[in-house]
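Residue numbers (my numbering), protein chains in the order written: chain B, 553 to 822; chain H, 94 to 444.
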């Protein structure tokens with residue numbers, strides 16, 4: 553799987569991938585935590601997953617790049633299609649899925665033993681691939697994560713020397729270096745100040761020009777600002793989480809079909 | 094505008110919580126001075142040995158005196174606090190005195206025979222009448238390095254590999270392996286030596302040799318290295334593992350490029366502690382090697398001296414210069430251990 557630099561660059565521009573989850577159920581041991589979730593993520597769309605804590609948004613997100621199966625006791629039913637291919641089909645290497653479906657975590661987690669530059673290139677080293685021009689790749693990824701100007705003079709400084717917001721944008725740049733088709737973001741701004749949050753939201757909007765983004769957020773305004781479509785998850789008392797409503801973001805926030813959605817987006821519970 | 098200096102200050106300056114009233118100060122001084130004076134008097138009058146006076150006379154008197162002082166100054170709740178303070182302080186002092194006297198005797202006796210030539214010369218021409226100006230434990234120091242070094246070369250990769258199995262995989266045998274590693278840490282060192290003796294010497298496979306001692310030491314090092322490394326690897330945040338795997342890393346590359354670098358200093362500490370655990374071991378070496386007055390650089394054949402067996406053989410030989418040589422070698426051994434621990438501290442503070 554030796555992808556050349558040219559492929560990496562073209563894939564950033566040309567490839568359009570869409571993702572679809574059909575009838576997803578999730579269990580942890582005996583506990584049924586997510587029930588019958590079906591969502592479509594068209595190419596180059598931004599989808600926000602909202603809902604109260606513990607309703608399975610993050611769990612669902614992790615099923616989309618096969619990180620879910622790393623949790624002991626995890627179970628899954630249903631199908632996830634990436635360009636019409638089932639990512640859970642026997643013989644599919646989870647590593648190849650994770651290379652195409654990148655992920656940014658809630659807490660910034662740059663590799664502390666590596667430099668800023670090393671972190672951006674970490675994905676290539678970890679997947680044992682090469683690029684023709686490392687410096688160019690580093691610059692373009694950091695640019696796309698809107699952090700290049702802040703770090704261009706100290707690319708060899710340890711990643712831990714950055715602020716929380718910068719670390720999170722570095723983590724985004726690290727994911728971009730692999731030129732994923734899909735980017736999953738699990739509450740990427742929950743630990744950040746308003747300024748960093750705004751920068752990341754701008755980044756998401758720019759990324760959606762050539763990438764499909766799925767973002768979990770607790771921030772209603774953020775969902776409205778960045779997403780094209782929104783799914784509202786809810787887990788009622790003793791019940792597994794499920795999708796109450798899914799649709800165009802503007803419609804869902806201005807004229808929700810379900811009273812529970814209306815209550816949630818207006819801050820009446822959760 | 095008021096400057097900092099012109100602001101009114103409490104009596105204690107900038108640490109008001111340390112301010113005591115005069116009467117409380119007097120009570121505290123008395124509560125410490127009176128028991129010391131009484132103990133000193135009794136000890137002089139009855140000629141009791143120091144440690145006994147400390148434990149059986151000073152401790153109870155000081156406890157009672159602290160209770161009274163605490164009751165007078167802080168009421169009932171102060172009593173429990175004062176008792177614990179006194180007991181903890183006594184325990185600390187007692188242990189410090191014991192360790193200090195061990196150190197003192199080794200250094201005091203050891204310095205009498207140690208000299209530069211003692212560190213590098215061997216023992217070939219040494220008899221009961223040879224003066225301390227000739228001969229040394231250099232061959233034993235070298236032997237210790239060879240035996241312990243060989244054990245380390247085997248135990249470190251093996252131990253870390255087991256720790257990686259325990260933390261990084263979901264292998265089915267993790268809990269039995271962890272159980273055995275823990276049970277092995279209770280293995281008496283003489284048993285490990287006898288095991289090697291039974292397998293390799295009683296069966297006629299080998300005569301006494303350095304590598305047999307190394308094998309016995311491996312058995313003793315393994316549990317320390319496994320358990321320490323496991324703890325260190327567990328400390329690597331799960332976030333980093335997830336981050337590496339989410340970037341499409343196969344588990345092997347995630348380990349070598351992310352987890353191992355993050356745990357490196359801790360793993361080195363684990364190795365050094367494993368070393369310190371065995372460098373002074375004597376029993377397994379007595380069973381598996383025979384002392385040699387000459388230098389032997391081959392741990393795979395022939396008699397080889399190590400510092401612990403050198404010390405043991407001279408202490409049991411029963412002549413004055415022999416005793417002095419044993420103490421000097423003990424000082425060398427202690428220095429080696431001290432260096433290992435110093436290195437450990439430096440590395441673990443480096444983060």
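All C-beta atoms, glycine included, are put in the ideal place defined by N, C-alpha and C.
*Give a yes or no on whether the minimum CB-CB distance between residue 507 (chain B) and chain H is below 8 Å.*
Here chain B comprises residues numbered 553 to 822, so residue 507 (chain B) is not present and cannot be evaluated.
Tell me the residue span of the beta strand (DSSP E) that contains residue 737 (chain B). By 1-based counting over the first chain, the position of residue 737 (chain B) is 185. Unbroken beta strand (DSSP E) run through residue 737 (chain B): 734-738.
- Query: Would you say residue 559 (chain B) reaches chain H, if we count a Cβ-Cβ gap shorter than 8 Å as a contact?
  - Reply: As a position in the first chain, residue 559 (chain B) is number 7, starting the count at 1. At residue 559 (chain B), the pLDDT of 46 sits below 50, so the modelled position is not reliable; the number obtained from the coordinates is stated separately. For residue 559 (chain B), the answer is no, since every Cβ of chain H falls outside 8 Å of its Cβ.
For residue 253 (chain H) and residue 389 (chain H), what's the separation of their Cα atoms in angstroms?
Mapped onto the second chain, residue 253 (chain H) falls at position 160. Mapped onto the second chain, residue 389 (chain H) falls at position 296. Going from the Cα of residue 253 (chain H) to the Cα of residue 389 (chain H) covers about 30 Å.
Check: What separation, rounded to the nearest whole angstrom, lies between the Cα atoms of residue 159 (chain H) and residue 172 (chain H)?
Finding: The residue given as residue 159 (chain H) occupies position 66 in the second chain. The residue given as residue 172 (chain H) occupies position 79 in the second chain. In this structure, the alpha-carbon of residue 159 (chain H) lies about 8 Å from that of residue 172 (chain H).
Note to self: Quick check: is the beta carbon of residue 675 (chain B) nearer than 8 Å to any beta carbon in chain H?
What the structure shows: Translated into the one-based positions of the first chain, residue 675 (chain B) becomes position 123. Interface residue (Cβ-Cβ distance to chain H less than 8 Å): residue 675 (chain B) is classified as such.
Compare the Cα-Cα distances from residue 730 (chain B) to each of B:636, B:790, B:655 and B:750 and report the closest residue. By 1-based counting over the first chain, the position of residue 730 (chain B) is 178. For the residues B:636, B:790, B:655 and B:750, the minimum Cα distance to residue 730 (chain B) belongs to B:655.
Contact with chain B by residue 347 (chain H), beta-carbon distance below 8 Å
Here the question's residue 347 (chain H) lines up with position 254 in the second chain. Chain B places a beta carbon closer than 8 Å to that of residue 347 (chain H), counting this residue as a contact.
*Would you kindly work out how many angstroms separate the C-alpha atoms of residue 240 (chain H) and residue 286 (chain H), rounded to a whole number?*
Reading the second chain from its first residue, position 147 is the one you call residue 240 (chain H). Reading the second chain from its first residue, position 193 is the one you call residue 286 (chain H). Distance from the CA atom of residue 240 (chain H) to the CA atom of residue 286 (chain H), rounded to whole angstroms, is 13 Å.
message = Do residue 371 (chain H) and residue 355 (chain H) have their beta-carbon atoms positioned less than 8 Å apart in this structure?
response = As a working note, residue 355 (chain H) is residue 262 in the second chain. As a working note, residue 371 (chain H) is residue 278 in the second chain. Taking 8 Å as the Cβ cut-off, residue 355 (chain H) and residue 371 (chain H) do not qualify as a contacting pair.
Let me confirm a value: residue 598 (chain B) is counted as buried when at least 16 other C-beta atoms fall within 10 Å, else exposed. Which label applies?
Residue mapping note: residue 598 (chain B) aligns to position 46 of the first chain, counting from 1. Per the 10 Å Cβ criterion, buried.
ask   = Is any beta-carbon of chain B found at less than 8 Å from that of residue 343 (chain H)?
value = Here residue 343 (chain H) corresponds to residue number 250 of the second chain, with the count starting at 1. Chain B has a Cβ within less than 8 Å of the Cβ of residue 343 (chain H).
Between the region 313-325 of chain H and the region 261-274 of chain H, do at least 3 Cβ pairs fall closer than 8 Å? Enough Cβ pairs lie closer than 8 Å, so yes.
Are at least three pairs of beta-carbons, each pair with one atom in the region 180-187 of chain H and one in the region 399-418 of chain H, less than 8 Å apart? Output reads no: the region 399-418 of chain H does not touch the region 180-187 of chain H.
Query raised in the report: Of all Cβ atoms in chain B, is any one closer than 8 Å to the Cβ of residue 351 (chain H)?
Result: What you label residue 351 (chain H) is simply residue 258 of the second chain in a count that begins at 1. Residue 351 (chain H) counts as touching chain B.
(Q) So within the region 561-626 of chain B, which uninterrupted alpha helix (DSSP H) runs reach at least 4 residues, ignoring any that extend past its ends? (A) For the region 561-626 of chain B, whole alpha helix (DSSP H) runs of length 4 or above, ordered along the chain, are 609-615.
Query raised in the report: Since residue 845 (chain B) meets chain H, which of its residues come closer than 8 Å, beta carbon to beta carbon?
Result: What is shown of chain B runs 553 to 822, which leaves residue 845 (chain B) out entirely.
Do residue 619 (chain B) and residue 322 (chain H) count as a contact pair if the criterion is CB distance below 8 Å?
As a first step, residue 322 (chain H) must be located in the second chain, where it is residue number 229. As a first step, residue 619 (chain B) must be located in the first chain, where it is residue number 67. Not in contact: residue 322 (chain H) and residue 619 (chain B) (Cβ atoms no closer than 8 Å).
On a CA-only basis, which of B:732, B:773, B:803 and B:604 is nearest residue 634 (chain B)? Give me that one, please.
Taking the first residue of the first chain as 1, we reach residue 634 (chain B) at position 82. Nearest to residue 634 (chain B) by alpha-carbon distance, out of B:732, B:773, B:803 and B:604, is B:732.
What separation, rounded to the nearest whole angstrom, lies between the Cα atoms of residue 825 (chain B) and residue 108 (chain H)? With chain B running from 553 to 822 in the structure shown, residue 825 (chain B) is simply not present.
Buried versus exposed, by CB contacts within 10 Å (16 or more), residue 582 (chain B): Residue 582 (chain B) sits at position 30 when you count from the first residue of the first chain. Exposed.
I'd like to know whether the C-beta atoms of residue 364 (chain H) and residue 249 (chain H) end up nearer to each other than 8 Å. In the second chain, residue 364 (chain H) corresponds to position 271, counting from 1. In the second chain, residue 249 (chain H) corresponds to position 156, counting from 1. Yes, these two residues count as a Cβ contact at 8 Å.
Review point. Taking 8 Å as the CB-CB cut-off, is residue 659 (chain B) touching chain H?
Key: As a working mapping, residue 659 (chain B) is identified with position 107 in the first chain. Yes, residue 659 (chain B) lies at the interface with chain H (some Cβ there is under 8 Å from its Cβ).
*Comparing the C-beta of residue 665 (chain B) with each C-beta of chain H, is any distance below 8 Å?*
For the purposes of this step, residue 665 (chain B) is taken as residue 113 along the first chain, with counting starting at 1. Residue 665 (chain B) has a beta carbon lying within less than 8 Å of a beta carbon in chain H.
Option in H:265, H:441 and H:163 with minimal Cα separation from residue 624 (chain B) | Along the first chain, one-based indexing puts residue 624 (chain B) at 72. The residue with the shortest Cα to Cα distance from residue 624 (chain B) is H:265.
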